[in-house]
Amino acid sequence: MTENGMNLTLKVWRQKSDKDKGQIETYQVKDISEHMSFLEMMDTMNEQLITAGKEPVAFDHDCREGICGSCSLFINGEAHGPDRGVTTCQLHMRKFKDGDTIYIEPWRSKAFPVIKDLVVDRTGFDRIMNAGGFISVNTSGNTQDANSIPIPKDDADHAFDAATCIGCGACVATCKNASAMLFVSAKVSQLALLPQGKIEAKDRVLNMVGQMDAEGFGSCTNTGACEVECPKGISLDNIARMNREFMSASITSDK
Amino acid sequence: MAKLDAKIPEGPIKDKWTNHKNNINVVNPANKRLIDVIVVGTGLAGGSAAASLAELGYNVKSFCFQDSPRRAHSIAAQGGINAAKNYQNDGDSTYRLFYDTVKGGDYRSREANVYRLAEVSTNIIDQCVAQGVPFAREYGGLLDNRSFGGVLVSRTFYAKGQTGQQLLLGAYSAMSRQIGKGKIKMFNRHEMMDLVIVGGKARGIISRNLITGEIARHSAHAVVIASGGYGNVFFLSTNAMGSNTSAAWKIHKKGAFFANPCYTQIHPTCIPRSGEYQSKLTLMSESLRNDGRIWVPKNMKDVEAIRAGSMKPVEIKAEDRDYYLERRYPAFGNLVPRDVASRAAKERCDAGYGVNATGEAVYLDFASAIMRYGKEKAIIIHEPNASEARIQELGKKVIEDKYGNLFQMYEKITNDNPYETPMQIYPAVHYTMGGVWVDYNLMTTIPGCYAAGEANFSDHGANRLGASALMQGLADGYFVLPYTIGDYLANDIRTGEVSTSSAEFDEAEQVVKERLNFFINNKGTKSVDHFHKRLGKVMWDKVGMSRNTQGLKEAADEIRVIKEEFWKDVMVPGELNELNQELEKAGRVADFLELGELFAKDALDRNESCGGHFREESVEPDGEQKGEAKRDDVNFKYAAAWEWKGDPKDAELHKEELTFNDIELKQRSYK
Numbered sequence: 012m013t014e015n016g017m018n019l020t021l022k023v024w025r026q027k028s029d030k031d032k033g034q035i036e037t038y039q040v041k042d043i044s045e046h047m048s049f050l051e052m053m054d055t056m057n058e059q060l061i062t063a064g065k066e067p068v069a070f071d072h073d074c075r076e077g078i079c080g081s082c083s084l085f086i087n088g089e090a091h092g093p094d095r096g097v098t099t100c101q102l103h104m105r106k107f108k109d110g111d112t113i114y115i116e117p118w119r120s121k122a123f124p125v126i127k128d129l130v131v132d133r134t135g136f137d138r139i140m141n142a143g144g145f146i147s148v149n150t151s152g153n154t155q156d157a158n159s160i161p162i163p164k165d166d167a168d169h170a171f172d173a174a175t176c177i178g179c180g181a182c183v184a185t186c187k188n189a190s191a192m193l194f195v196s197a198k199v200s201q202l203a204l205l206p207q208g209k210i211e212a213k214d215r216v217l218n219m220v221g222q223m224d225a226e227g228f229g230s231c232t233n234t235g236a237c238e239v240e241c242p243k244g245i246s247l248d249n250i251a252r253m254n255r256e257f258m259s260a261s262i263t264s265d266k
Numbered sequence: 082m083a084k085l086d087a088k089i090p091e092g093p094i095k096d097k098w099t100n101h102k103n104n105i106n107v108v109n110p111a112n113k114r115l116i117d118v119i120v121v122g123t124g125l126a127g128g129s130a131a132a133s134l135a136e137l138g139y140n141v142k143s144f145c146f147q148d149s150p151r152r153a154h155s156i157a158a159q160g161g162i163n164a165a166k167n168y169q170n171d172g173d174s175t176y177r178l179f180y181d182t183v184k185g186g187d188y189r190s191r192e193a194n195v196y197r198l199a200e201v202s203t204n205i206i207d208q209c210v211a212q213g214v215p216f217a218r219e220y221g222g223l224l225d226n227r228s229f230g231g232v233l234v235s236r237t238f239y240a241k242g243q244t245g246q247q248l249l250l251g252a253y254s255a256m257s258r259q260i261g262k263g264k265i266k267m268f269n270r271h272e273m274m275d276l277v278i279v280g281g282k283a284r285g286i287i288s289r290n291l292i293t294g295e296i297a298r299h300s301a302h303a304v305v306i307a308s309g310g311y312g313n314v315f316f317l318s319t320n321a322m323g324s325n326t327s328a329a330w331k332i333h334k335k336g337a338f339f340a341n342p343c344y345t346q347i348h349p350t351c352i353p354r355s356g357e358y359q360s361k362l363t364l365m366s367e368s369l370r371n372d373g374r375i376w377v378p379k380n381m382k383d384v385e386a387i388r389a390g391s392m393k394p395v396e397i398k399a400e401d402r403d404y405y406l407e408r409r410y411p412a413f414g415n416l417v418p419r420d421v422a423s424r425a426a427k428e429r430c431d432a433g434y435g436v437n438a439t440g441e442a443v444y445l446d447f448a449s450a451i452m453r454y455g456k457e458k459a460i461i462i463h464e465p466n467a468s469e470a471r472i473q474e475l476g477k478k479v480i481e482d483k484y485g486n487l488f489q490m491y492e493k494i495t496n497d498n499p500y501e502t503p504m505q506i507y508p509a510v511h512y513t514m515g516g517v518w519v520d521y522n523l524m525t526t527i528p529g530c531y532a533a534g535e536a537n538f539s540d541h542g543a544n545r546l547g548a549s550a551l552m553q554g555l556a557d558g559y560f561v562l563p564y565t566i567g568d569y570l571a572n573d574i575r576t577g578e579v580s581t582s583s584a585e586f587d588e589a590e591q592v593v594k595e596r597l598n599f600f601i602n603n604k605g606t607k608s609v610d611h612f613h614k615r616l617g618k619v620m621w622d623k624v625g626m627s628r629n630t631q632g633l634k635e636a637a638d639e640i641r642v643i644k645e646e647f648w649k650d651v652m653v654p655g656e657l658n659e660l661n662q663e664l665e666k667a668g669r670v671a672d673f674l675e676l677g678e679l680f681a682k683d684a685l686d687r688n689e690s691c692g693g694h695f696r697e698e699s700v701e702p703d704g705e706q707k708g709e710a711k712r713d714d715v716n717f718k719y720a721a722a723w724e725w726k727g728d729p730k731d732a733e734l735h736k737e738e739l740t741f742n743d744i745e746l747k748q749r750s751y752k
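These protein sequences, in sequence, are chains A and B.
Under the numbering used here, the first sequence has 15 at position 4, and the numbering climbs by one with no breaks.
Under the numbering used here, the second sequence has 382 at position 301, and the numbering climbs by one with no breaks.
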């Protein structure tokens, strides 16, 4: 390590568009401070490329504080990199050491086609939400008072835990089947646990699972990698709950 | 001032909104199907507006630059949302929320708008619970509240440290339902490039598909801008990387007045900058100031020892620490409002007492709170003779229960353990109170063009209270705009579909294309970020927490120089018709460069100190308040609405006089 920081070799996936074939390109970066975030290291690489008259690497990012779910890098074979409970933007360079070679790839899944370089298309998640990830209540100043239906604290807390999903897609990227079960089950669970969501629970789980399958996401074989890599710690219990909801809805629904 | 009519309804303040709703025009359901509305932005204001308008039956086209509407930056709000529910029976009321908000805004907001905000605040909570937003609850199953800075009641609803996320996902789910029904046509990864005005009315936008580069025309009967604030004019802020002012700025250049750009909120508790590579700043919730004590060393030799690494903060004795907020503001101590706390930190750091390498950091220390909670806990669990180590252990557990996620976030970023050593914090740009001028109906000075949420100017005056931004965004989108827009659209039921093959659309598209072509073909030598960082530095140094005549004049000149160089020497690699993130940034920074100059001009023009705007020339000369901000109600009791005249330096000022019939103007004192 130099006194100014680390020197690193980056192996980065470059792909012009969804129609082109991609390949790994190699870049060197110097003087990387251990206090940098991973994306600030990527900024440094891009500034270097721009100054050299080359095209910078495209990657998704926005809030850079771990909540918007935009960033989506597969780093050394792990979704969001080697740290746990963080998104790529919260990963810091102190997790790496001088001389390291770092492989940086996009999410890999048929349902998440690459748009360019490290940017993928995750609109499949939106379409699953459009199929049923809501409670059908119109905006009105006349909904009943918020405290008219007490909700047991445990249910509210579990609903909240499921609702903290940021929709980043790490679960899909890390799953050997590219399954979206953790994402879908988090929304199904949140709404199934709340009295307001129970009325449409059957239709919701059938419609959302139907759309999930139509998008080309794979099946769940209970490997559990999604839970390990999830930056928000969404629990596998949600998948179990969704399976129960789905089974019961399939048997009892009129549709 | 004929140009500025706020259209505030007649009658007593508590009846204005009800009467207004009863008297405005309504579009019948069959006709709503014939009317198109464009909404730009999918945060709390834009998302809730799009969903509500679609529910009413309008055809909505919704635009966001992110890959999904769920990622708008409202998602990052931590603390909570205010509502005058009075569930805690502590005397809260619509009037009290109204009063606190006007006072907190240092008497620079419009009374009628703020009262309406307080009035609909309770509906927001009802609506969100009905949508499945999992707010925090007590063991009895009812909703919990907490208190926030600047108020005397507990009216803040919350979902741990992720209230913004939960509210936004609520609005997003309401949108998803309408997208599924085909009532909202969603344009992800699209950016609004310009507004199109036909016959004096807003009739559409030009958009760019950020994946293919395709430029497209979209027509509508009304356009709603809900594109957030302009904090990124400072380069470093707590805003998202993509947060920008371009939609708001484009409508400004087409005739919408821009109000009070100098009102910016600098939040006192953010993680300090660590180096030149810094890309953004991270907030540590205001709630931490309930238990943290803010200090710097009293003696310069200790400051130097700390910077040299030969001394640790915990080694400095209590008598050698300067708890400057407690010293200067004994009544409110560490809980003074955001603007006051930020300026006090700057004062100490400017005097040389900053505790990190850059000299821009102060300590936020939980050691006292850990001991206090530990002792309380020891009594509760019957360990009256607990050792100091045991007390510390118990105290740390209490702190972890309250702030665990924030402490973890801090440790991930800084690699320091805040249970063992004080946090380092410094103020950072967080929110912009200024924005597009709107009347009571949220319409801008362009007929048919509306602005909602942080993009408009109306509700927070010169300083926003904690947990009020979420309230305003959702109030505008769910409960105000869906009513007021009908009043305007009622005159449009015979218009029919607006054609996009008009000279106005041709011209707007042409201008957009020329500008994009310019960037790609300029082939300069410096990146967009190079110019953005320079702009940010000027803004922070001269138009930041403390402003004076000379600095503001210099800032305007320096920004003009940067702007000139930018247009000469900016380099945008890549192509026009593909995903090109540098091209996106270039357009946004070009707009920030213009806004920055108007910002400095507005700050220079307002020769008073109010809220987040502090002018060194306007301080209390003597007495107990010596050196504190001095508001000037005789000369500046107005909203400054600027009209575009071709260049920021030529912008023309229009004043909306603010009248206070229901609240007495007072000086804010925290001594």
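All residues carry an ideal CB built from backbone N, CA and C; glycine is no exception.
Since the model is a prediction, treat every value here as computed from it, not as a measurement.
- The contact set of histidine 91 of chain A on chain B, defined by CB atoms closer than 7 Å, is empty, because the minimum CB distance reaches about 12 Å.
- For leucine 734 of chain B, the uninterrupted beta strand (DSSP E) segment begins and ends at 733-738.
- Residue state for methionine 620 of chain B is assigned as helix, using DSSP reduced to three classes.
- Only those residues of the segment 171-202 of chain A whose C-beta falls short of 7 Å from the nearest C-beta of chain B are listed: Phe171, Ala174, Thr175, Gly178, Gln201, Leu202.
- Restricted to the segment 244-299 of chain B, the alpha helix (DSSP H) segments that are unbroken, complete and at least 4 residues in length are 244-261, listed in chain order.
- Excluding residues up to 5 positions away in sequence, Trp376, Val377, Pro378, Lys379, Arg429, Tyr434 lie with their Cβ nearer than 8 Å to the Cβ of aspartate 403 of chain B in the same chain.
- The beta carbon of arginine 255 of chain A lies closer than 6 Å to none in the same chain, with the five residues before and after it left out.
- Across the structure, valine 107 of chain B and isoleucine 566 of chain B are spaced so that their CA atoms are roughly 9 Å apart.
- Interface with chain A (9 Å Cβ-Cβ cutoff): leucine 250 of chain B is included.
- Counting only runs of at least 3 residues, the segment 290-344 of chain B fully encloses the following beta strand (DSSP E) elements, listed from N- to C-terminal order: 296-300, 303-306.
- In the three-state scheme derived from DSSP, where H, G and I count as helix and E and B as strand, lysine 707 of chain B is classed as coil.
- Residues of the segment 211-222 of chain B with a C-beta atom less than 9 Å from some C-beta of chain A are Ala211, Gln212, Gly213, Val214, Pro215, Phe216, Ala217, Arg218, Glu219, Tyr220, Gly221, Gly222, listed in chain order.
- The C-alpha of phenylalanine 107 of chain A lies about 9 Å from the C-alpha of isoleucine 113 of chain A.
- In chain order, Ala170, Ala173, Ala174 place their CB closer than 7 Å to the CB of glutamine 201 of chain A, counting only its own chain and leaving out the 5 sequence neighbours on each side.
- Judged by DSSP secondary structure, methionine 56 of chain A falls outside any beta strand (DSSP E) and instead within the alpha helix (DSSP H) spanning 49-62.
- For isoleucine 262 of chain A, not one C-beta of chain B is nearer than 9 Å to its own C-beta.
- The three-state secondary structure of threonine 237 of chain B, taken from DSSP, is strand.
- Across the segment 643-672 of chain B, CB contacts with chain A closer than 7 Å involve Met652, Pro654, Gly655, Glu659, Leu660, Gln662, Glu663, in sequence order along the chain.
- Secondary structure at alanine 181 of chain A: helix, using DSSP grouped into helix, strand and coil.
- The closest CA to that of tyrosine 358 of chain B, considering only A/Lys27, A/Glu14, A/Thr37, A/Met53, is found on A/Met53.
- Glycine 245 of chain B is positioned such that its CB atom lies no closer than 9 Å to that of glutamine 346 of chain B.
- Pairing aspartate 207 of chain B with phenylalanine 216 of chain B gives a Cβ-Cβ distance that is not under 9 Å.
- Interface criterion not met: the Cβ of isoleucine 347 of chain B is under 9 Å from no Cβ in chain A.
- Within the segment 50-72 of chain A, Leu50, Glu51, Met52, Asp54, Thr55, Asn57, Glu58, Leu60, Ile61, Thr62, Gly64, Lys65, Glu66, Pro67, Ala69, Phe70, Asp71, His72 place their CB atoms closer than 9 Å to a CB of chain B, listed in sequence order.
- Looking from the CA of alanine 240 of chain B, the closest CA among B/Gly213, B/Lys264, B/Lys266 belongs to B/Gly213.
- Residue contact with chain B for arginine 252 of chain A: absent (no Cβ-Cβ distance below 9 Å to any residue of chain B).
- Counting only residues of its own chain and dropping the five nearest sequence neighbours on each side, glutamate 295 of chain B has a CB closer than 8 Å to the CB of Arg289, Asn658.
- Per DSSP, histidine 511 of chain B is one residue of the beta strand (DSSP E) stretching across 504-513.
- Taking C-alpha positions only, glutamine 169 of chain B is separated from glycine 230 of chain B by approximately 17 Å.
- Of the residues B/Gly221, B/Tyr410, B/Gly625, the one whose Cα lies closest to the Cα of lysine 707 of chain B is B/Tyr410.
- When secondary structure is reduced to three states using DSSP, phenylalanine 680 of chain B falls in the helix class.
- When the five nearest sequence neighbours on each side are left out, the beta carbons in the same chain lying within less than 6 Å of the beta carbon of phenylalanine 179 of chain B are those of Val195, Tyr196, Ala199, in order along the chain.
- If you keep only unbroken beta strand (DSSP E) runs of at least 3 residues inside the segment 114-187 of chain B, you get 117-121, 140-144.
- Put simply, of B/Glu737, B/Pro503, B/Ala681, B/Phe695 the residue whose alpha carbon is nearest the alpha carbon of phenylalanine 315 of chain B is B/Ala681.
- Against serine 120 of chain A, chain B offers no close residue; the least beta-carbon distance is about 15 Å (beta-carbon pairs closer than 9 Å).
- Only buried fits aspartate 71 of chain A, as 16 or more other CB atoms lie within 10 angstroms of its CB.
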